[in-house]
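Contents: one structure, followed by commentary.
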Amino acid sequence: MHPDLVSALRCPVCGDPLGLTARTASCPRGHSYDLAKQGYLNLLPSASTGIEGDSAAMVEARTTFLSTGHYTPILNALRAHTTQRLSELAAGTARNRELIVEVGAGTGYYLAGVVGDGSERWGLALDVSRYAARRAAKVHPRVGSVICDAWREIPLRDGAAQVILNVFAPRNAEEMARVLAPGGSLVVVTPNQGHLAELVGVLGMVRVDEEKERRLTESLAGSFERTGSEVVETLMRLDHPAVERLVAMTPSARHTEPGELTERIAVLPDPVEVTLSVTVSTWRAA
Numbered sequence: 278m279h280p281d282l283v284s285a286l287r288c289p290v291c292g293d294p295l296g297l298t299a300r301t302a303s304c305p306r307g308h309s310y311d312l313a314k315q316g317y318l319n320l321l322p323s324a325s326t327g328i329e330g331d332s333a334a335m336v337e338a339r340t341t342f343l344s345t346g347h348y349t350p351i352l353n354a355l356r357a358h359t360t361q362r363l364s365e366l367a368a369g370t371a372r373n374r375e376l377i378v379e380v381g382a383g384t385g386y387y388l389a390g391v392v393g394d395g396s397e398r399w400g401l402a403l404d405v406s407r408y409a410a411r412r413a414a415k416v417h418p419r420v421g422s423v424i425c426d427a428w429r430e431i432p433l434r435d436g437a438a439q440v441i442l443n444v445f446a447p448r449n450a451e452e453m454a455r456v457l458a459p460g461g462s463l464v465v466v467t468p469n470q471g472h473l474a475e476l477v478g479v480l481g482m483v484r485v486d487e488e489k490e491r492r493l494t495e496s497l498a499g500s501f502e503r504t505g506s507e508v509v510e511t512l513m514r515l516d517h518p519a520v521e522r523l524v525a526m527t528p529s530a531r532h533t534e535p536g537e538l539t540e541r542i543a544v545l546p547d548p549v550e551v552t553l554s555v556t557v558s559t560w561r562a563a
């Protein structure tokens, strides 16, 4: 991990800034954290070790599915919103290094795609899963990977991030607002009712909460104000292996027996048309 990325972090024990020496990140008070051989930094407090993150199988399925480009429309929307916000921040000023943070980054697919658009962009992928962190650590040379408990605290310095991405992931509004720079933007991707509708009933997948939009607004109220939103919707043509990977990479994987899933997928057309429908909303700190 690049030393400049580590310098954006803070110690999860005392909150002091971290610096990197050789392969060890440490704060002035002597708390230290070694980089894993896979390249990620584990800043998960010991009290949070019982948190369940994505399994190795879920991460493998997500890596394979996303590599096929079916979710590229989501990535393109994130790129557009990020480019617009960074351009507005940079207007009339010298272009400096820009930090983009993804909370609940998983494999880092979206973050790497956004960071790759400009040489001045750097990224930090935050996730609780060590399997996801291993993938994210190698997803892009300007992306660093950190294991942390974002529900409890985001281990970044105040105002360190120009843009925060949050794609299909939980949100800690107060912490996100704290680490976002003045004028920065939070970009959130949430599924709509029609998302994967052709599969939900047949395969017994977890349904999208009908109150999801209201819950999103309530979860960010007091910390953020909405500045815009965009519906991204298209049809995907998925063969049966792609459908199986899609289910395996979602929370539905924890509620579906593999044998039963295979039987249910077999009744679908091959390929099957499946709706991708999400809302990309942008927010600024209140």
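Using the working numbering, the letters of the sequence shown map in sequence onto residues 278 to 563.
We put the CB at the ideal spot given by N, CA and C, even for glycine.
All values derive from a computational prediction rather than experimental measurement.
Item to complete: Determine the extent of the beta strand (DSSP E) in which residue 558 is found, giving its start and end residues.
Response: Here the question's residue 558 lines up with position 281 in the sequence shown. For residue 558, the uninterrupted beta strand (DSSP E) segment begins and ends at 549 to 562.
Worksheet entry | Proximal residues to residue 559 (C-beta, below 6 Å), its chain only, five neighbours per side dropped | Within the sequence shown, the letter at position 282 stands for residue 559. Closer than 6 Å at the Cβ level, and outside the excluded window around residue 559, lie 358, 462, 464, 504, 505.
Worksheet entry | Endpoints, the beta strand (DSSP E) within which residue 430 is located | One-based indexing of the sequence shown puts residue 430 at position 153. Premise fails: residue 430 is in no beta strand (DSSP E) and is neither H nor E.
Discussion item. So for residue 482, helix, strand or coil by DSSP?
Written reply: Residue 482 sits at position 205 when you count from the first residue of the sequence shown. The answer is coil: DSSP assigns residue 482 none of H, G, I, E or B.
Practice prompt. Would you give the residue range spanned by the beta strand (DSSP E) that residue 368 belongs to?
Written response: Taking the sequence shown and counting its residues from 1, one reaches residue 368 at position 91. Per DSSP, residue 368 belongs to no beta strand (DSSP E) and is neither H nor E.
Worksheet item: Which residues bound the beta strand (DSSP E) around residue 317?
Response: Here the question's residue 317 lines up with position 40 in the sequence shown. Neither: residue 317 is in no beta strand (DSSP E) and is coded neither H nor E.
Worksheet item: What residues in its chain sit with their C-beta under 7 Å from that of residue 524, if we drop five residues either side in the sequence?
Response: Numbered from 1 along the sequence shown, position 247 holds the residue referred to as residue 524. 480, 482, 530, 533, 538.
Discussion item. Measuring only the C-alpha atoms, how far is residue 451 from residue 417?
Written reply: Indexing the sequence shown from 1 puts residue 451 at position 174. Indexing the sequence shown from 1 puts residue 417 at position 140. So the two alpha carbons sit approximately 28 Å from each other.
Item to complete: Please go through the region 417 to 471 and give each complete alpha helix (DSSP H) segment of 4 or more residues, from N-terminal end onward.
Response: Taken in chain order, the complete alpha helix (DSSP H) segments of 4 residues or longer contained in the region 417 to 471 are 450 to 456.
Worksheet item: Would you say residue 436 and residue 457 are within 8 Å of each other, going by their C-beta atoms?
Response: Here the question's residue 436 lines up with position 159 in the sequence shown. Here the question's residue 457 lines up with position 180 in the sequence shown. It is a contact, given that the beta carbons lie within the stated cut-off.
Worksheet item: In this structure, what does DSSP give as the bridge partners for residue 377?
Response: Within the sequence shown, numbered from 1, the residue matching residue 377 stands at position 100. In the DSSP assignment, the residues bridged to residue 377 are 400, 440.
Worksheet item: Between the Cα of residue 445 and the Cα atoms of 399, 373, 557, which residue gives the shortest distance?
Response: Residue 445 sits at position 168 when you count from the first residue of the sequence shown. Out of 399, 373, 557, 557 has the C-alpha closest to the C-alpha of residue 445.
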